[in-house]
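Each remark here refers to the structure printed beneath this line.
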Amino acid sequence: MANDPRDAAHPIPQFPAGFLWGVSTSAHQIEGAVDRREPSVWDTFTAEPGRVKDGSTAAVACDHYHRYREDVALLSGLGVDAYRFSVSWPRVNSPGGLDFYDRLVDELLTAGVRPVPTLFHWDLPADLDWLERDTASRFAEYVSVVVDRLGDRVQKWITLNEPAEHTLLGHALGTHAPGRQLLFDALPVAHHQLLAHGLAVRALRAAGATDIGVANSHGPTWPASREPADVEAAAFYDVLLNRLFAEPLLLGEYPEGLGELMPGDVAADLKVIGEPLDWYGVNYYAPTRVGAPQGTEIEFGGIRMPADLPFSVQDIEGVPATDFGWPVVPEGLTELLTTFKERYGDRLPPVVITENGCSYEGVDDQARIAYLDGHIRALHRALEAGVDVRGYFVWSLLDNFEWAEGYARRFGLVHVDYATQTRTPKASYRWLRDVLRAQR
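Quick note: the sequence shown uses numbering that gives the first Met the number 0, first residue 0, plus one each step.
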């Protein structure tokens, strides 16, 4: 069992004054009200038999669209400073769609919770395609509409969530929407998302925004052994999942050998992609152990890996695992952040952990408490090592629709009975509430 934050012998270390504590969600995973918005690629994907493991959809999900006041009350009771939610592009495209976010933002501000919208969290309108360059321009137009409506009350903005996963899982491996299996022919999807990010930063700046970041997923890549083939495979994986999505934003350039694989005038695009950020968001869950290709198809963490990839993802042995089978390695967070500080130096803006969490069953979720306890302490060690970390957001406030896993995984601090929509705060909710009180 994790240490109780009220235990004077083992308190959570104090974070600096002004450190931002929050929780995260995404629109498609919680909002429901599918009849109040246009279709997204996820609606198309989940309608296809076999795409989602339990055959479910997010048509209702947590019904947050109708129950947002109840959910904001949960945020207020938890005592967080901020709520990271996402704005549904398909909803904004629908008549009155922005009215919902107007109401949500006002409710948050009344409760004393800072709204932190993410402008794209995978729910692309069904008539658009990231393989097409024009989608980046369309995204910037949508961002302008949102900031024009909400910018008088919202200061902190996030452009994209996890373009690496949206590229890899949605377009390279096909396990997420839109379900394509393009492997390395999916690279234009990465470039167009990064271009969309840069255009969105420009649109936000034009509207007067001064607090802009991104939410990129990152984790240390560990070679399976010291054998050259394993080390080489791990380095390649690190380029694909970490450096490909960090370096265009932070350095204004692609890792060596990748720029020439991208479409269009890459040099000109990189000037847009590399627009300065006010902070850099990191979604962290675990390191990845990578070795040379094994020549067989495997399933890892719910993801089917084809046999012809130039690497293999392998289990990390000797550490606990979540109910999803993901390894629990808090020290990986410290390692990741100190590595980024060493790698990028003063090109790395202040960092915010925009997601960190775990899937466990049960309302008395002591394992989640242990997970969060370990990762918050690991984050503090990164601060002590000189990394400028400004905030930490737990994934997630609510149990929700977990993409291709359907409703089989529970990441929430609050349990949701999907049949009745009853919310029940878990032990981890109360634990985090006490942690935050002790930080004041």
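The C-beta atom is built at its ideal place from N, Cα and C for all residues, glycine as well.
Flag this pair as yes or no: are the beta carbons of residue i and residue j separated by less than 8 angstroms?
| i | j | result |
| --- | --- | --- |
| residue 124 | residue 88 | yes |
| residue 283 | residue 332 | yes |
| residue 336 | residue 388 | yes |
| residue 248 | residue 272 | yes |
| residue 86 | residue 100 | yes |
| residue 176 | residue 41 | yes |
| residue 215 | residue 244 | yes |
| residue 323 | residue 289 | no |
| residue 476 | residue 195 | Missing from the structure shown is residue 476; the chain here goes from 0 to 439 and no further. |
| residue 377 | residue 341 | no |
| residue 425 | residue 362 | yes |
| residue 304 | residue 296 | yes |
| residue 280 | residue 19 | no |
| residue 188 | residue 141 | no |
| residue 103 | residue 432 | no |
| residue 265 | residue 258 | yes |
| residue 409 | residue 360 | yes |
| residue 321 | residue 221 | no |
| residue 121 | residue 27 | yes |
| residue 158 | residue 230 | no |
| residue 338 | residue 254 | no |
| residue 346 | residue 250 | yes |
| residue 132 | residue 263 | yes |
| residue 350 | residue 278 | yes |
| residue 427 | residue 352 | no |
Please classify residue i as buried or exposed, where buried requires at least 16 neighbouring CB atoms within 10 angstroms.
| i | result |
| --- | --- |
| residue 437 | exposed |
| residue 183 | exposed |
| residue 197 | buried |
| residue 348 | buried |
| residue 114 | buried |
| residue 9 | exposed |
| residue 13 | exposed |
| residue 372 | buried |
| residue 5 | Because residue 5 sits at a pLDDT of 44, beneath the cut-off of 50, its placement in the model cannot be relied upon, and the following sentence gives the value as read from the coordinates. That one is exposed. |
| residue 30 | buried |
| residue 116 | buried |
| residue 70 | buried |
| residue 166 | buried |
| residue 422 | buried |
| residue 152 | exposed |
What residues in its chain sit with their C-beta under 8 angstroms from that of residue i, if we drop five residues either side in the sequence?
| i | result |
| --- | --- |
| residue 74 | 22, 82, 107, 110, 112, 396 |
| residue 179 | 169, 170, 171, 173, 185 |
| residue 325 | 284, 285, 300, 357, 358 |
| residue 208 | 146, 150, 154, 156 |
In this structure, what does DSSP give as the bridge partners for residue i?
| i | result |
| --- | --- |
| residue 156 | 211 |
| residue 82 | 22, 114 |
| residue 313 | 288 |
| residue 491 | Beyond the ends of the chain as shown, which are 0 and 439, falls residue 491; an answer cannot be given. |
| residue 124 | 39 |
| residue 119 | 159 |
| residue 342 | Paired residues: none, contrary to the question. |
| residue 416 | 421 |
| residue 326 | 320 |
| residue 298 | 303 |
| residue 397 | 413 |
Note the first and the last residue of the continuous alpha helix (DSSP H) segment covering residue i.
| i | result |
| --- | --- |
| residue 11 | Taken as a continuous stretch (DSSP letters only), residue 11 belongs to no alpha helix (DSSP H), as it is neither H nor E. |
| residue 235 | 227-237 |
| residue 188 | 186-205 |
| residue 380 | 365-383 |
| residue 429 | 426-438 |
| residue 90 | 88-91 |
| residue 409 | Residue 409 -> no alpha helix (DSSP H), and no H or E assigned at all. |
| residue 55 | Element bounds for residue 55: n/a, residue is neither H nor E. |
| residue 143 | 133-149 |
Less than 7 angstroms between C-beta atoms, sequence neighbours within five positions excluded: which residues of the same chain meet that for residue i?
| i | result |
| --- | --- |
| residue 439 | none |
| residue 406 | 53, 55, 400, 417 |
| residue 380 | 333 |
| residue 34 | none |
| residue 181 | 170, 171 |
| residue 274 | 197, 200, 201 |
| residue 318 | 326, 327, 328 |
How far does the beta strand (DSSP E) with residue i in it extend, from its first residue to its last?
| i | result |
| --- | --- |
| residue 222 | 220-222 |
| residue 279 | 279-282 |
| residue 351 | 350-354 |
Does the CB of residue i have a neighbour CB from chain C at under 8 angstroms?
| i | result |
| --- | --- |
| residue 413 | Within the model displayed, chain C is absent; a lone protein chain is all it includes. |
Closer than 6 angstroms by C-beta to residue i: which residues in its own chain qualify, once you throw out the five before and the five after it? Chain order, please.
| i | result |
| --- | --- |
| residue 163 | 216, 240, 244 |
| residue 193 | 247, 272 |
| residue 154 | 210 |
| residue 50 | 44 |
| residue 202 | 139, 142, 143 |
| residue 268 | 194 |
| residue 206 | 146, 150 |
Below 7 angstroms, is the gap between the Cβ of residue i and the nearest heavy atom of the ligand SAH?
| i | result |
| --- | --- |
| residue 355 | As presented, the structure is devoid of all ligands, the ligand SAH included, so that no description of it is given. |
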